[in-house]
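Below is one structure, written out as C-alpha cells; comments come after it.
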C-alpha cells in the first residue's frame, strides 16, 4: 500500500482582525491538528466529501491507498466493521461508513448546526445527496448507455429539493 501525507495547515492570527491563512499576519500560530487518517482505494469516490471537509477546515491527514488486490487478498477487510472502506481514524478512534465519518467530522469541527433541528436538516440534505449518489452509481456502473440522456435531463428536478432547502434556510 502507498501512504501519503496530505498537509493542509491552518494558521490563525493572534491579532483582532483574525482570519484564516490566506491573509498576511505577522504573528501566527499553528492550531494543534488531530491525527486523522483515511484508508481507501485510489479513487475519489466516497472519500471526496470528507477530504473536502477536512481541507476546508485546514486539517491534515494521512492517506493509505489500498489496491484492489490488497483488499481482495489481504486482511484489511477483516479490520473494517461491515467489511468495507473508507476507513477513518482519529488517533485510536476508528470509523467506517462514509456518512458516519462526515457526521463525526461535522460535529468535531462545529459544522453540525446550532441545535437538533439544524443537525436534522443537515442529515436530511446528506441523505438526499446519498440518494442522488446512488442513482449516479447505477447510471455509471449499470445503465450508462441506456440511461445517460434521461439522467442528464432529470438533473434539474433532482437538484430542485436542494435549491428549495437552501432558499428556505437563507442559503445554508
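Residue numbers (the numbering used here): 149 to 320. Every residue gets a Cβ at the ideal spot worked out from N, C-alpha and C, and that includes glycine. Keep in mind the model is a prediction, meaning the values are calculated, not measured.
- Exposed is the label assigned to residue 308, since fewer than 16 other Cβ atoms lie within 10 Å of its Cβ.
- Counting only runs of 4+ residues, the alpha helix (DSSP H) found wholly inside the region 194 to 233 occupies 196 to 204, 216 to 221, in chain order.
- Taking a cut-off of 8 Å for Cβ pairs, the region 257 to 272 and the region 210 to 219 do not touch, as fewer than three such pairs fall below it.
- Secondary structure of residue 282 (DSSP, three-state): helix.
- Membership of residue 184 in the beta strand (DSSP E) is indicated by the continuous run 184 to 188.
- A direct Cα-to-Cα measurement between residue 216 and residue 316 gives close to 43 Å.
- Residues of the same chain with a CB within less than 8 Å of the CB of residue 227, apart from the 5 flanking positions on each side, are 235 in chain order.
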